[in-house]
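Numbering (my numbering), first residue to last: 1 to 343.
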Amino acid sequence: MNQHEFDILLQKYLSGACDPDEEKKILEWTDLTLSNKNMPLGESELKMTETKIWKRIKASVLSAPSGFGKVGWQWLAVAATVIIISSLAIFYPGHLRQLNSGFIAKDISDDPGLTLVKDYVEIQNVSDHSKIVSLEDGSFVTLTGDSRLKYPKHFDKKVRQVELEGEAFFNIQKDSSRPFFVYTGELVTQVLGTSFNVKSYKDSKTIEVNVVTGRVSVYENTQKAPHNRNGVILRPNQKITFDKESKKLVPGLVEEPVMQNTQDKKLELIFEDAPLSEVLSVIQKAYGVEIVVEKPSLNDCIFLGDLTGLPLHTQLRLICKSVNASYELRGTVFFINGDGCTK
Numbered sequence: 001m002n003q004h005e006f007d008i009l010l011q012k013y014l015s016g017a018c019d020p021d022e023e024k025k026i027l028e029w030t031d032l033t034l035s036n037k038n039m040p041l042g043e044s045e046l047k048m049t050e051t052k053i054w055k056r057i058k059a060s061v062l063s064a065p066s067g068f069g070k071v072g073w074q075w076l077a078v079a080a081t082v083i084i085i086s087s088l089a090i091f092y093p094g095h096l097r098q099l100n101s102g103f104i105a106k107d108i109s110d111d112p113g114l115t116l117v118k119d120y121v122e123i124q125n126v127s128d129h130s131k132i133v134s135l136e137d138g139s140f141v142t143l144t145g146d147s148r149l150k151y152p153k154h155f156d157k158k159v160r161q162v163e164l165e166g167e168a169f170f171n172i173q174k175d176s177s178r179p180f181f182v183y184t185g186e187l188v189t190q191v192l193g194t195s196f197n198v199k200s201y202k203d204s205k206t207i208e209v210n211v212v213t214g215r216v217s218v219y220e221n222t223q224k225a226p227h228n229r230n231g232v233i234l235r236p237n238q239k240i241t242f243d244k245e246s247k248k249l250v251p252g253l254v255e256e257p258v259m260q261n262t263q264d265k266k267l268e269l270i271f272e273d274a275p276l277s278e279v280l281s282v283i284q285k286a287y288g289v290e291i292v293v294e295k296p297s298l299n300d301c302i303f304l305g306d307l308t309g310l311p312l313h314t315q316l317r318l319i320c321k322s323v324n325a326s327y328e329l330r331g332t333v334f335f336i337n338g339d340g341c342t343k
């Protein structure tokens with residue numbers, strides 16, 4: 001499997017089109033990168049990890065039937081809410097500055113088959129309020145104050161690429177034939193169509209990406225082959241923090257996780273004498289998070305209460321208090337432990 005085929009495999013995962021074996025191999029790329037948070041990303045150590053992942057992915061793909069055909073992209077995530085109306089896309093004088101020049105391709109792509117558009121637009125939000133930028137593909141970008149966005153007047157036929165300095169919320173229009181890339185210096189964020197937030201200030205020591213809906217691939221902006229990059233796959237309610245000095249990627253959850261499915265958002269979290277295992281199962285499904293009960297006997301404890309409309313952390317605090325337990329967030333996983341209920 002060559003690099004192009006690896007790119008296709010990654011795109012399949014982002015669009016939810018991978019079969020179980022392919023998905024497992026892609027996730028190993030993330031898991032092995034993050035398995036040791038204190039692992040320095042030196043060339044030799046990183047190379048060993050990359051080689052292991054590459055061999056596993058190659059073995060999986062080679063076992064697939066021949067003549068697989070073109071990938072039929074289908075995006076699984078739907079934007080949680082529509083927060084933008086067209087009238088907000090009007091730029092008021094004095095707040096935004098537009099500059100025309102030749103498109104700078106240095107940090108964009110080294111793909112010889114890609115033709116970059118020469119002209120671009122650079123938007124600088126010098127106000128204290130967020131500004132809405134409308135892109136030609138129907139995507140919207142909410143640009144915060146003291147931030148800059150640079151993008152082509154017309155996107156390429158194969159790819160959509162922008163550069164960001166500062167912070168912005170992206171609501172990207174689905175286009176299965178043209179992935180969307182956000183370049184923030186040392187980090188690249190790649191999606192097909194989803195919503196996410198990127199924070200990358202020039203003077204900051206870190207870059208942060210938070211995912212609201214869909215799946216997002218985040219990786220270090222280097223000249224390495226795609227399968228050799230230091231990167232992770234993010235799902236809804238997850239975030240990654242990239243340390244510019246150590247080159248470490250630290251996973252976590254967003255501060256206020258939200259329910260992921262439209263049906264779940266209307267879900268009434270009312271429990272009457274329900275075992276803890278059942279309560280946590282409902283919450284995990286609604287928020288797309290992982291909850292691990294470290295003491296098995298806690299699963300038999302009974303919970304009675306109404307958690308509807310409460311933030312996730314408040315829900316977990318109330319649940320733990322009722323069963324004499326406590327919870328801790330490690331990375332992207334909640335762990336519950338304690339003496340438990342008395343019988």
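Where a beta carbon is used, it is the ideal one built from N, C-alpha and C, also for glycine.
Keep in mind the model is a prediction, meaning the values are calculated, not measured.
Shown here for residue 318: same chain residues with a beta carbon closer than 8 Å to its own, the five before and five after excluded, namely 305, 307, 310 in chain order. Take the alpha-carbon of residue 154 and the one of residue 178: they are about 13 Å apart. Taking 8 Å as the cut-off, the beta carbon of residue 189 is found closer than this to the beta carbon of residue 209. In summary, residue 215 is buried, with 16 or more beta-carbon neighbours lying within 10 Å of its beta-carbon over all protein chains present. Approximately 14 Å separates the beta-carbon atoms of residue 193 and residue 236; this is outside 8 Å, ruling out the contact. The straight-line gap separating the alpha-carbon atoms of residue 280 and residue 329 is approximately 15 Å. Along the segment 260-304, the alpha helix (DSSP H) occurs as fully enclosed runs of 4 or more residues at 262-265, 276-287, listed in sequence order.
Per DSSP, reduced to three states, the secondary structure at residue 235 is coil, with no helix or strand assignment.
It is roughly 12 Å from the alpha-carbon of residue 238 to the alpha-carbon of residue 217. Straight across, the Cα-Cα distance linking residue 260 with residue 316 is about 17 Å.
Between residue 234 and residue 207, the C-beta spacing is not below 8 Å. One alpha carbon belongs to residue 122, the other to residue 312, and they sit about 39 Å apart. In the three-state DSSP reduction, residue 321 falls in the helix class (H, G or I). According to DSSP, residue 311 shares a beta bridge with no other residue.
Of 204, 165, 276, 248, the smallest CA-CA separation from residue 336 is found for 276.
Residue pairing for residue 330: DSSP places it in a beta bridge opposite 333. DSSP places residue 166 in the uninterrupted beta strand (DSSP E) bounded by 160-171. For residue 210, the enclosing beta strand (DSSP E) has its first and last residue at 206-213. Per DSSP, reduced to three states, the secondary structure at residue 306 is strand. Take the alpha-carbon of residue 274 and the one of residue 295: they are about 18 Å apart. Secondary structure of residue 243 (DSSP, three-state): strand.
The beta carbons of residue 167 and residue 147 sit closer together than 8 Å.
DSSP, read as helix, strand or coil, puts residue 152 in strand.
When C-alpha distances from residue 297 are compared across 303, 195, 338, the shortest belongs to 338. Looking from the CA of residue 169, the closest CA among 232, 213, 152 belongs to 213. When DSSP states are grouped into helix, strand and coil, residue 157 belongs to the coil group.
Taking a C-beta distance under 8 Å as the contact criterion, residue 334 and residue 322 do not qualify as a contact pair.
From the listed residues 149, 137, 255, the smallest Cα separation to residue 200 is found for 149.
Residue burial annotation: residue 138 is exposed, with fewer than 16 other C-beta atoms found within 10 angstroms of its C-beta. For residue 251, the enclosing beta strand (DSSP E) starts and ends at 249-253. In the structure shown, residue 174 adopts coil according to DSSP, grouped into three states. Annotated as distal: residue 125 and residue 183, with beta-carbon spacing of 8 Å or more. Shown here, residue 143 sits in a strand according to DSSP, grouped into three states.
A direct Cα-Cα distance of roughly 9 Å separates residue 283 from residue 290. Assignment of beta-bridge partners to residue 219 by DSSP yields 188, 231. A check of alpha carbon separations from residue 151 across 252, 21, 180, 195 identifies 180 as the nearest.
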